[in-house]
Every structure is written in structure tokens, then in C-alpha cells.
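Heads up: the sequence shown begins at 1 in the UniProt record's numbering, then just goes up one per residue. Every residue gets a Cβ at the ideal spot worked out from N, C-alpha and C, and that includes glycine.
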Amino acid sequence: MDTPAATPLFVEFKDQVLFAEFSPYEWSPNLICIAFHNNISVGRIKFQEEDDEMEEEIDFQVLHKFFHEVRPDCLAWNPESSISTLPKHVSFCTGGADYQLRLFESDLSNNHSIQVLEGHTYYINSIAYDMDGEYLASGSDDSSCRLWAIKDKYSCFAVMNFRTAVVSVCFHQEEPGKLMVALKKGKIIQVNVNTQQRIMTFDCGTEPLLSADWSPSNSLCVVAVAEQELTWWDTSKSRNPVESRMIHTTNACAVRCCPLSDTYVATFGEPDHQLKVLSLNSNVPQLIANLQLTTNISWHHHLPYVCAGNDYQLGFWKVTTK
């Protein structure tokens, strides 16, 4: 059952929601991409906390729909996206079920473009842009992480091969030139983007590792989920985890760090497509919500909202992070 704090705001759709991603940048926090089976909707979202004159608690507007010829599996926002200045510009990348990356760009008026990047030979699990808009990283079930040079027409300048699937890739605004790569066999590796040399390696001690994240508010905090457990590290102290704890009784599938606090994370797992929000300093979840269908989690950049798909709805839960 849902916890008392879990009263969500819902936006309804005619099509089944696969996943959603807030823009993670301070200059475009109200942009959101919502993935459906054959299209991506770019929307603008506002909450009552941002506008006292709003009558409703939430306001959602679709800005543009992009046709996506195959099922999208993952998505990342380009930091160049902004609708607060003219000309408006939105740009994002998806990983499709045909193992291809697609780059979408639009001025939300008459100019739209799609560029396809080929190279992966199996499902793409994770995509990430660095904060300076120099690099795009993609991780795949083909056991590779590919690095693409954005300003060189997205040419692939490096392929890092591993002996296991790459489940998550992350850049960090406080660590330029570094990339975090999480592997299904339980290891998390930080690498130098330019040389692809390993800087540091962490071992989860459990597999399969299905998701990892690098806390936006603290570059020393790394989290991961494997089997039923959440594991986290303080990289300034040790390569050994600070703690591992059971959070889902069957499987923990995804984890995302709250941008407002380095102690709060959201997880999604089984059974019951369960969304949880918890503090790393407490064993009591702040939020538990059982959903009909979801595949990922996304946090608002500066408001305490976490969102997840719920079949034909997109749900937003407000949480206390202080």
C-alpha cells in the first residue's frame, strides 16, 4: 500500500507511458520528455510552488511530439536545450529497440531534425551528456560503452569494451573529463574520457547490478542497486561501500539520486512495480507507492518531486528532503 506521504499528482495520456525524463539542468528545469511506444512528447511542466497564481497544483503542456519508429528504451537531455531564450531549442538523444541512437533537435516551430548513430549491436541501456556539451556516452548490452564527440558531428572517438553489459553511464558537473560506467557483473568504474584510462573501481559485491547513479549534489556519493539491495559509497573514504541494505523483496531495478540532497534516493523494484524514496541515513522509507507499470525514475532539478510512469499516467510525488 502507498504510504501517507505518497499522494501523487497525475497527468493522464491516451497512450501507455514507457518512461519520462526531466531536464536535469538549471536553465531548463521545466522541460520533460515522455516516451511512448512510437513517439516522444516534449512538454513543459509547472508546479504551484513556482507560480502562486496557478489554480491547479500542476500545469502540463505538450510542446512537440517526435515520431519514434521503434520503442525507445532510454533518453538523455542535451544541455543546450532551453525554451527561456530565443530561438527556442530542444535537443535530446534516445536509445531505440533497434540498437540505434537517435538525436532529436527542434526549435519547436518549423525546424526539426533527426540524426541516427549506429555502432551498438544490442540493446542500449543508458545515455549521458556531459555538462559542457562536449561528449555523449552510451552503454549497451553488447558489453561496450561508446563515446561520441558532439562538436565533431557526433563521431565515435572511443569504444570501451567490457566482458559484461553496461547498465548505466553518468557524467558529473563537478568532475569534468570523468565518466562513471556501471557494469552488470557488479563493478562501477570511473574513467578518464580522453584517455579511457580507469581512475577508480568499486565492487558492489552482488550481481546482477541493474542501475547506478552519481549524486548530482555530491560527487563523492555513488549509489547502485543489485538483486534486492541498495549499495552506496563515499569515494573520499574507501572503495568499499558504506552500506548495503535490502530495499525490495524480489528485485531492485533502478535508482536515481535526488538533486537537492545527497542523502535521498528513489528506487524502483519488484514486486508490485514499487517506487520508494528513502534516506541513506534511515532504514524507514519516506515514500512507498505501488504502480501498474513503470521502468524508470526522474527527479525535478530544484523542486522535491520525483516522477514515474504509471501505465497511462505520469505520476509526480512530492517528498520532504530536509
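About 7 Å separates the beta carbons of Trp-27 and Ser-84, which is inside the 8 Å limit, making them a contact pair. The C-beta distance from Gln-292 to Phe-10 rounds to 12 Å, too long to fall under 8 Å, and the pair is not in contact. Beta-bridge annotation (DSSP): Val-225 is paired with Ser-211 and Leu-230. Contact check for Pro-176 against Asp-213 fails: the beta carbons are separated by 8 Å or more.
For Gln-100, the secondary structure class from DSSP, reduced to helix, strand or coil, is coil.
Annotation for Ile-114: the continuous beta strand (DSSP E) segment containing it runs 112-117. Contact holds between the region 269-287 and the region 238-254, because three or more Cβ pairs, one in each stretch, are under 8 Å apart. In the structure shown, Ile-150 falls within a helical segment according to DSSP collapsed to helix, strand and coil.
For Glu-50, the secondary structure class from DSSP, reduced to helix, strand or coil, is helix. Going by beta carbons, Val-265 and Val-255 fall inside the 8 Å limit.
Per the coordinates, the alpha-carbon of Gly-186 lies some 9 Å from the alpha-carbon of Thr-164. The Cβ atoms of Phe-104 and Gly-309 do not sit closer than 8 Å to each other.
If you draw a straight line from the Cα of His-37 to the Cα of Ala-158, it is about 31 Å long. In terms of CA proximity to Ile-34, Phe-66 leads the group Phe-66, Gln-190, Gln-48 and Met-180. In this model, Glu-56 and Thr-206 are separated by some 45 Å (Cα to Cα). The region 123-178 is shown to contain whole beta strand (DSSP E) runs of 3 or more residues at 124-129, 135-140, 144-149, 155-161 and 166-170, in chain order.
About 5 Å separates the CB atoms of Gln-100 and Val-116; that is less than 8 Å, so the two are in contact. According to the DSSP assignment, Val-277 belongs to the beta strand (DSSP E) that extends over 274-279. Looking at the DSSP output, Tyr-25 sits in no beta bridge, so it has no partner there. Looking at the DSSP output, Gly-43 bridges to Ile-32 and Val-62.
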